[in-house]
Structures are given as C-alpha cells and as structure tokens.
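Engineer:
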Amino acid sequence: MSRILLTGATGQVGQELVRSLAPIGDVIACDRARLNLAAPDTLKQTIYELQPDVIVNAAAYTAVDKAEQEPELANTINGIAPKILAECCKETGASLIHISTDYVFDGTKNTPYLEIDTPNPIGAYAKSKHLGEVGIQDVLGDRLNQYMILRTSWVYGVYGAGNFVKTMLRVGSSREELRVVTDQVGSPTWAADLAGAIAGFTVRALNASTTPPAAPIGGIYHVTNTGVISWYDFAVAIFEEAEALGYPLTVQRVVPITTDEYPLPAPRPAYSVLSGKKTAALLGDSLPYWRQSLRRMLADLQAAVPGHS
Ligand SMILES: NC(=O)c1ccc[n+]([C@@H]2O[C@H](COP(=O)([O-])OP(=O)(O)OC[C@H]3O[C@@H](n4cnc5c(N)ncnc54)[C@H](OP(=O)(O)O)[C@@H]3O)[C@@H](O)[C@H]2O)c1
6 MSRILLTGAT
16 GQVGQELVRS
26 LAPIGDVIAC
36 DRARLNLAAP
46 DTLKQTIYEL
56 QPDVIVNAAA
66 YTAVDKAEQE
76 PELANTINGI
86 APKILAECCK
96 ETGASLIHIS
106 TDYVFDGTKN
116 TPYLEIDTPN
126 PIGAYAKSKH
136 LGEVGIQDVL
146 GDRLNQYMIL
156 RTSWVYGVYG
166 AGNFVKTMLR
176 VGSSREELRV
186 VTDQVGSPTW
196 AADLAGAIAG
206 FTVRALNAST
216 TPPAAPIGGI
226 YHVTNTGVIS
236 WYDFAVAIFE
246 EAEALGYPLT
256 VQRVVPITTD
266 EYPLPAPRPA
276 YSVLSGKKTA
286 ALLGDSLPYW
296 RQSLRRMLAD
306 LQAAVPGHS
C-alpha cells in the first residue's frame, strides 16, 4: 500500500482529502501539531520518519486579508515550507502534490487563465502562494513526473470554519438585505469535487513514480468546477438553491455592488477564471458544473447540520 502524507488534514479541503485519498493508500493525516509548516526546520525529520510515497500539501496560511499584516508568516507557511517539502521529495523520491490558487494571477485577463500564463500576484497571500510555486519548481522543475501544482479557486465546502456559502447562509438567515460584489468573476469550487480530482492526480503521480509515462504528467494544473459567475450571482444562486431545500432564510434582497463599495485589506483579482482543459485531458473529464455541485453541497450540509433544515 502506498503511503500518502497529507498536510492540513483539518482544513476544508484537507478533511475531504482524508476521505477521497483513503481508497488509494495509507493516509497519514497530519495536523499542525504533527507537521507545523510555520517551523520549516522541523519538517524534514518528521517526513523522513514517516517515509511517504507522496506528499499532498493541503496546509496553507489562508487568511487573505490578515496576511497583509503578517506577510512573513504567510511566506514561511506558503512559500518556504513547500520548498522544503519539495527538497524532501527530491531526496527521498516521493512525489509532491501541492495546492495553489487563482490569486497568483492579477485578474486583468478576460479569457480563462492557462497554466502557461505568467503569474503576477497582487497581495501578500497571493505573493506567498506564488513563492511556494516558485520554490517547488526550483527544486523539482527538472523532474516532471515528481510534482504537481494544482491551482484552484473560490473553494467552499461542508467542513471548515468559514467560506462564502456558509457565510451567505448565516447572514441570509438573519438579515433582509445583503450587498454582494458583482465585478469579480470566477469559478466556485466544491471542496469535495476538488478532493476527488486530487485523488485522481495522486493515483497518476504514484503510477508515474513506478512506470514513467511516455510524456511527463507533472507540472501545473488548473482544477476548478466548470462555469463562470460573479460573487453576486453566486449569492443569488445559493439562496435559490437553499430555499428549494427548505433552509430557513430571512433574506429578501441581494443588492449588486462594486468592489470599490466593499473595500478589504487585500486586493482581489477581478477575473479569476482558470482553464480546466489540461486537467480534463489528464483526468478524462472536467469537474462538474458549479451549480450542480452547489446543490449537492447544500444537501450534504443540511444532512450534516440538522439546524439548517
Ligand atoms: N479557500 C479558498 O477559497 C481557496 C482558493 C484557492 C486556493 N486555495 C488553497 O487550497 C488549499 C486548501 O485551503 P482550505 O480552503 O482547505 O484552507 P483552510 O480550510 O484554511 O485549511 C488550511 C489548513 O492548513 C492548516 N495550517 C495552517 N497553518 C498551518 C501550519 N503552520 N502548519 C500546518 N498546517 C497549517 C490548517 O490547520 P488548522 O486547522 O490548525 O488551522 C488547515 O488544516 C490551500 O493551499 C489554499 O491556499 C483555497
């Protein structure tokens, strides 16, 4: 059985990965107490002891706005630590699967970003995640079957403290009117779909480590649900789907506003759409359409948290 070391096992994607990776091998699910990415000097010893065949790095500093106040910590966790994970992989022969973000782009394009497009991160979190990508490529760039960098976007799920869907459900059950930005567009991605796709990447990485494929399969991939919407349209869809499922809502109106009307500490890319063609070619299929996944997540959440019905 392959040994799969999972970091960030307590996160919204990490908790889904604990389940989706289980059929593939022995999952060594690490929380920050076992593997602390803020203490990069401690990582190598633990990893050598655990002897993984593949490392799936779902841990990250994800507080986008707070990162503006503590960029060094964000850089350590998102930038320096992934490079050390890559060094461990280089030394041991393990593969590395690392999750990255649409935020590595500045959002000035108006057609879906390709894996070969040049990043231009515009905030502290975005810069720290880009640093991680660069560090991994510095170490493993010439070993194209040994690493995969999976960029995703607008992630939400049943697990984890806060995400856009859970926030909308919370405020939509206490207020009548909500204001949501309409000039940022992207692809909402259900953590369960993402984790399923990551399991597919993991199988291919493990196979490639024993039987190198004719063409290298490593490198960068864009992994999101299909379809494009604004945060405003997403909020409206959340309420429509939640209402159909019987969620107790008080919201009567969702008002479209501009980013300028809702200032936040960290800048966000206006256009965050990632092309999924390369991923579909490798996995044999695209991820589902976003609305179908939203519906399934809301039903799962309702089943998991009885108070939502
Ligand atoms: N959420 C999004 O919209 C989004 C969009 C694009 C890309 N991504 C990327 O997707 C990946 C997963 O994100 P997520 O949404 O699952 O985030 P999340 O729910 O915030 O989970 C982050 C995980 O990282 C762990 N972590 C934080 N600091 C750590 C440290 N110093 N050492 C070890 N573990 C640490 C957390 O542990 P604790 O539970 O102890 O805090 C948690 O398990 C990340 O790489 C993120 O950058 C997310």
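Residue numbering for the sequence shown follows the working numbering, beginning at 6 and increasing consecutively.
Note that beta-carbon positions come from the ideal geometry of N, C-alpha and C, so glycine has one too.
Just so it is clear, the structure is predicted and the values come from calculations on it, not from any experiment.
Can you give, in chain order, each stretch of the beta strand (DSSP E) that sits fully within the stretch 242-293 and has at least 3 residues?
Structural biologist: Listed in chain order, the complete beta strand (DSSP E) runs (minimum 3 residues) inside the stretch 242-293 are 258-262.
Engineer: Which same chain residues end up closer than 6 Å to A197 when comparing Cβ atoms and leaving out the 5 residues on each side of it in sequence?
Structural biologist: E21
Engineer: Roughly how far, in whole angstroms, is the beta-carbon of R300 from the beta-carbon of E246, given that I think they are within contact range, below 8 Å?
Structural biologist: About 5 Å separates the two Cβ atoms, so the contact holds.
Engineer: Restricting to Cα atoms, I'd like to know which of G177, A219, V160 and V228 is closest to M302.
Structural biologist: Proximity to M302 across G177, A219, V160 and V228 peaks at V160, based on C-alpha coordinates.
Engineer: Between which two residues does the beta strand (DSSP E) holding E182 run?
Structural biologist: E182 to V186
Engineer: Can you check whether the C-beta of E21 is within less than 8 Å of a C-beta belonging to chain B?
Structural biologist: Protein chains in the displayed structure number just one, and chain B is not present.
Engineer: Tell me whether E212, by its Cβ, gets closer than 7 Å to a heavy atom of ligand 1.
Structural biologist: Reading the sequence as shown, one finds Asn at residue 212 and not Glu. It does not: the Cβ of N212 is nowhere closer than 7 Å to a heavy atom of ligand 1.
Engineer: If you draw a straight line from the alpha carbon of N150 to that of L279, how long is it in whole angstroms?
Structural biologist: In a straight line, the C-alpha of N150 is about 22 Å away from that of L279.
Engineer: So is the beta-carbon of V18 under 7 Å away from any non-hydrogen atom of ligand 1?
Structural biologist: yes
Engineer: Could you check where the beta strand (DSSP E) with A34 kicks off and where it finishes?
Structural biologist: Taken as a continuous stretch (DSSP letters only), the beta strand (DSSP E) holding A34 covers G30 to A34.
Engineer: With a threshold of 7 Å on Cβ separation, who are the neighbours of P221 within its own chain once the five nearest residues in sequence on each side are excluded?
Structural biologist: L149 and N150
Engineer: For I89, which residues from the same chain have a beta carbon less than 6 Å from its beta carbon, with the 5 sequence-adjacent residues on both sides left out?
Structural biologist: Spatial neighbours of I89 in its own chain (CB-CB distance under 6 Å, excluding positions within 5 residues in sequence) are listed in chain order as P45 and L48.
Engineer: Classify G167: buried if its beta carbon has 16 or more other beta carbons within 10 angstroms, exposed otherwise.
Structural biologist: By the neighbour-count rule (16 or more Cβ atoms within 10 Å), G167 is not buried but exposed.
Engineer: Does the contact criterion of 3 or more C-beta pairs under 8 Å hold for the stretch 72-86 versus the stretch 131-148?
Structural biologist: yes
Engineer: Does D58 pass the burial test, meaning 16 or more other C-beta atoms within 10 Å, or should it be called exposed?
Structural biologist: buried
Engineer: Would P293 pass as a contact of T229 if the rule is Cβ separation under 8 Å?
Structural biologist: no
Engineer: Can you list the alpha helix (DSSP H) stretches of 4 or more residues lying completely in the stretch 107-189, in chain order?
Structural biologist: 129-145 and 169-176
Engineer: Output yes or no for whether 8 Å exceeds the beta carbon distance between Y130 and V69.
Structural biologist: yes
Engineer: Can you give the beta carbon distance from N41 to L101, rounded, assuming they're within the 8 Å contact cut?
Structural biologist: At roughly 18 Å, the Cβ-Cβ gap does not stay under 8 Å, so N41 and L101 are not in contact.
Engineer: Using C-beta distances below 8 Å, list every residue in its chain close to Y226, excluding the 5 sequence neighbours before and after it, in chain order.
Structural biologist: E120, M153, I154, L155, R156, F206, K283, T284 and L287, listed in sequence order.
Engineer: Would you check if there are 3 or more beta carbon pairs closer than 8 Å linking the stretch 23-36 to the stretch 171-186?
Structural biologist: no
Engineer: Can you name the start and end residues of the alpha helix (DSSP H) that S7 belongs to?
Structural biologist: S7 -> not in any alpha helix (DSSP H); beta strand (DSSP E) instead, spanning S7 to T12.
Engineer: DSSP three-state call for Q20: helix, strand or coil?
Structural biologist: helix
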